[in-house]
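Protein chains in written order, with our numbering: chain Y, 1 to 307; chain X, 1 to 267.
Following: one structure in structure tokens, then a few remarks.
See below:
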């Protein structure tokens, strides 16, 4: 390493390297989040902006008014409570389905020959690069009463009446799993592909049956990948707007839609902000879990290089 | 040898990929259907493509979206690369956890949250500065940069980590300044990742409905906003044609990119 003359400028260089992106992130992410929190305590008013100021300085008195109207309504109106619960339930079921479909897929992709593996991986990545909006839209043509699925089932004689799927919760589940499946597969694949196959072989040599070897060797080692993938599915699904709006019925309650209605249809910004704050509060545990995984992954690998 | 059962493997992968790709194929086939009802196949036709290319509103929206996407991708690559480099090379510093948290939050945080928070920021900002000049394209651009820089920094961060650090250290020992090392050593080495990140940011911007809905102003309708307002109530044949063109372009592009990358990997 260089002698100590370079130490002072190095410290400055470090600060100058770290500060600009840090300030940018604080300014455009942290401050806006805090503003949402602030406005959730404001009251509705006509004008620009359409909410009252929290603090007022007049005649040498600083008065701070925290309006709890939004929160009071959220916790007393059973519709809001039901919507939150339903959103969490839908996101949880979606995550579970992604695990059941995505785990075997990620596993078999990771265990394929390198040439095939690359091709299979493109197959999962490709949807990332195409429009989510258009891919969700594509399901309408399949799920409608006169759509492909019903025509196929009726033609096969399995049903005589078309199944009502489009504009129901089931359609939203299909859309959510479809949209978020690649988000589960990719981090899990990245984890599984690094798995040392010799560990599995050792388990076989010691007489473990395939299922037993999988459960006691592969599954525990792949947990970080499973958790990362599950969070990438669960957290955004809770607040999803586009999918329930396009595939769900009027009675498909999701919190992203309620917030949208408060904001765009009712122009009630403080209420929309309160709905958002409670949503983030609800997501706090999974968010911390996700961030903890990120920090640990970065810190661990960075530490090894520096040490 | 611990080999997975080939039959089970073929079944699971077959079903999985069918699930991922059948909707896209159905849409592509429907886009060539002559019938406007789209329930029955009445014959092959290119009429929806013809209508698509005469649809002024859609073309105008596409032009605006491409413009915003290009500016978004460029800015997101600059800021995201910077953030990614800090994540990969600066080790731990005070506020590291906050930095990581903020840098990766847009990956998971629901888009409605990003949308409303950025809008409120712009409203407060114009209130504070008496600034009236916030035009829809500019605010959408800022929102898209925030969203896509998270993806850029993830890509760049992992690429920089994989670099052989001794190259940078050798250049430093030979007297190059850190800035020079970054531009002459690091940047050329991560160039493919920069291109990939630019393209991902471009497609993210081109696809976003939610953030754009919050941040748009009168007269600024992006392509996803236009498409969403049409398909909210069901199928529209001209959108089938648009989707088909989109998917084919992306597929061709990804296959070529992969081919080029593989050829480079095996000299």
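By construction, the Cβ of each residue, glycine as well, lies at the ideal position given by its N, Cα and C atoms.
In this text the structure is predicted, and so the values were computed from the model without any measurement.
Burial check for residue 22/Y: the Cβ neighbour count within 10 Å reaches 16 or more, so the residue is buried. When Cβ-Cβ separations below 8 Å define contact, residue 45/Y makes no contact with chain X. Looking at 155/Y, 273/Y and 141/Y, the one whose alpha-carbon comes closest to that of residue 236/X is 141/Y.
Under DSSP, residue 44/Y shares a beta bridge with 51/Y.
Excluding its 5 nearest sequence neighbours in each direction, residue 73/X has C-beta neighbours in its own chain below 6 Å: 198, 201 and 202, listed in chain order.
Residue 65/Y has a beta carbon lying at 8 Å or more from every beta carbon in chain X.
Rounded to the nearest whole angstrom, the CA to CA distance from residue 197/Y to residue 155/Y is 47 Å. Beyond the five residues adjoining it in sequence on each side, residue 106/Y comes within less than 7 Å, by CB distance, of 185, 188, 189 and 192 in the same chain, given in chain order. A contact is defined here as three or more CB-CB pairs under 8 Å, and the region 61-79 of chain Y meets this definition with respect to the region 40-48 of chain Y. Of all residues in the region 253-270 of chain Y, only 256, 259, 260 and 263 come within less than 7 Å of chain X when Cβ atoms are compared, listed by chain position. Beta-bridge annotation (DSSP): residue 58/Y is paired with 61/Y. Contact between the region 219-238 of chain X and the region 63-82 of chain X is present, with at least three C-beta pairs closer than 8 Å.
Residue 33/X sits in a strand when the DSSP states are folded into three classes. Residue pairing from DSSP places residue 44/X in a beta bridge opposite 33/X. The contact set of residue 82/X on chain Y, defined by CB atoms closer than 9 Å, consists of 17, 20, 21 and 24 in chain order. For the pair residue 249/X and residue 181/Y, the CB atoms are not nearer than the 8 Å cut-off. Judged by DSSP in its simplified three-state form, residue 237/X adopts helix.
Shown here, residue 116/X sits in a helix according to DSSP, grouped into three states. Taking 4 residues as the shortest admissible run, the region 87-161 of chain X contains the following complete alpha helix (DSSP H) segments, listed from N- to C-terminal end: 96-108 and 111-129. With respect to the 8 Å criterion, residue 157/X and residue 241/X are not classified as neighbours on the basis of their beta carbons. Apart from the 5 residues on each side of it in sequence, residue 71/X sits with its Cβ closer than 6 Å to the Cβ of 141 in its chain, given in chain order. In this structure, the beta-carbon distance from residue 205/X to residue 103/X does not fall below 8 Å.
Residues of chain Y whose Cβ lies closer than 7 Å to the Cβ of residue 117/X are, in chain order, 32, 33, 35 and 36. Using a Cβ distance threshold of 8 Å, residue 169/Y and residue 256/Y do not count as a contacting pair.
For residue 139/X, not one C-beta of chain Y is nearer than 8 Å to its own C-beta. Contact annotation for residue 221/X against chain Y: no contact, minimum CB-CB distance about 14 Å [criterion: below 9 Å]. With respect to chain X, the C-beta atom of residue 161/Y has no partner C-beta closer than 8 Å.
By the neighbour-count definition (other C-beta atoms within 10 Å, threshold 16), residue 220/Y is an exposed residue.
By the C-beta criterion, the region 183-197 of chain X is judged not to be in contact with the region 117-137 of chain X, since fewer than 3 inter-stretch pairs fall below 8 Å.
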